[in-house]
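**Q** Heads up: the sequence shown begins at 877 in my numbering, then just goes up one per residue.
C-beta atoms are modelled at their ideal positions from N, C-alpha and C, and glycine is treated no differently.
Computed from a predicted structure; not experimentally measured.
First, the structure itself, so that you have it in front of you.
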Amino acid sequence: MTDTHRSPSGYDLTPPTDAERERLEADLTAEEARVLLSHGTEAPFCGVLLGEKRAGVFCCRECGLPLFKTGTKFESGTG
Numbered sequence: 877m878t879d880t881h882r883s884p885s886g887y888d889l890t891p892p893t894d895a896e897r898e899r900l901e902a903d904l905t906a907e908e909a910r911v912l913l914s915h916g917t918e919a920p921f922c923g924v925l926l927g928e929k930r931a932g933v934f935c936c937r938e939c940g941l942p943l944f945k946t947g948t949k950f951e952s953g954t955g
């Protein structure tokens with residue numbers, strides 16, 4: 877039996893080990909770590925992907941798991 881947990885789409889959702897988490901976190905910039913690990917937010921209307929319209933999938937910068945498809949983005953007016 878395996879310890880991996882799979883999503884319905886087949887993604888491995890097994891939590892990272894402490895060593896894997898340290899390696900993933902070491903690869904983040906200070907700003908990325910602030911947003912991803914310390915519940916920070918980006919300033920409004922400054923994200924490099926704000927105007928991204930190409931078809932594709934946005935993925936987590938830390939673990940690489942898919943977050944949402946470009947087509948599901950909407951203009952909330954909040955940045």
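Does the count of Cβ pairs from the segment 906-919 and the segment 880-893 closer than 8 Å reach three?
**A** At 8 Å Cβ cutoff, the stretches do not touch.
**Q** Let me check one thing: in DSSP terms, what residues is Asp903 bridge-paired to?
**A** Asp903 is not bridged to any residue.
**Q** Of all the beta strand (DSSP E) runs that stay within the bounds of the segment 914-951, which reach a length of 3 or more residues?
**A** You should have 933-935, 942-945.
**Q** Can you tell which of Arg937, Glu928, Val933, Ser885 has the C-alpha that lies nearest to the C-alpha of Ala902?
**A** The shortest Cα separation from Ala902 among Arg937, Glu928, Val933, Ser885 belongs to Arg937.
**Q** Can you grab the Cα-Cα spacing for the pair Phe944 / Ala931, in whole Å?
**A** Answer to the nearest angstrom: the Cα atoms are 11 Å apart.
**Q** Less than 8 Å between the CB atoms is what I'm expecting for Glu928 and Thr946, so what's the real figure, rounded?
**A** With 8 Å as the limit, Glu928 and Thr946 qualify as a contact, their Cβ atoms being about 7 Å apart.
**Q** Let me make sure I understand the geometry here. Which of Thr948, Lys949, Leu941 has the alpha-carbon closest to that of Ser885?
**A** Out of Thr948, Lys949, Leu941, Leu941 has the C-alpha closest to the C-alpha of Ser885.
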